[in-house]
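In our numbering, the protein residues as written are 52 to 210. Using N, Cα and C, we set each Cβ at its ideal position, and we do this for glycine too. Remember, it's a predicted structure, so these values are computed and weren't measured experimentally.
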Ligand SMILES: [Ca+2]
């Protein structure tokens with residue numbers, strides 16, 4: 052006798068309630084099967100991660116994941132350049148004492164170890180507060196049920 056059924060699962064429900072990352076989401080999936088014969092099963096599977104970036108931890112909630120945050124415990128800093136205000140930065144580079152051009156001044160200050168080699172600022176880094184990524188996966192398979200007990204099923208899929 053033909054049998055049909057389905058299963059639904061979800062994971063990472065904590066992502067619905069955390070403050071950071073800001074875009075709440077979770078992982079959901081479904082599996083629908085149809086068994087026209089006792090030893091033949093046709094299955095359609097679908098899975099969606101509604102925000103893949105929620106896997107990144109952000110301890111200080113500045114939006115910059117700990118992996119790329121030089122200061123993961125300070126919400127105001129993510130790079131060394133964040134320690135220098137734009138006003139101070141422009142004042143330094145425009146001072147003719149250090150060089151005739153901004154580039155010369157930067158190279159001189161860099162050679163003295165007074166400025167960071169990486170001049171990127173927090174606002175230029177990847178930020179969880181304004182980024183999200185959804186991932187969907189679908190599949191179809193044909194299987195042969197080998198063992199089937201309550202809460203247990205083993206299916207051979209010859210692919
Ligand atoms: Ca930080």
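Would the beta-carbon of residue i be found less than 6 Å away from any heavy atom of ligand 1?
i	result
residue 157	no
residue 133	no
residue 128	yes
Can you give me the start and stop residues for the alpha helix (DSSP H) that residue i sits inside?
i	result
residue 138	137-145
For residue i, which three-state DSSP category applies?
i	result
residue 186	strand
residue 78	strand
residue 213	This structure gives no information on residue 213, because the portion of the chain shown stretches from 52 to 210.
Starting from residue i and walking both ways along the beta strand (DSSP E), at which residues does that stretch end?
i	result
residue 206	203-207
For residue i, which of the options has the nearest alpha-carbon?
i	options	result
residue 58	201, 96, 78 and 143	96
Which runs of the beta strand (DSSP E) spanning at least 3 residues fall entirely within the segment 80-145, listed in chain order?
Entirely contained in the segment 80-145, the beta strand (DSSP E) runs reaching 3 residues are, in chain order, 91-100.
Quick check for students: name the residue ranges of the alpha helix (DSSP H) that lie wholly in the segment 52-76, counting only runs of 4 or more.
none
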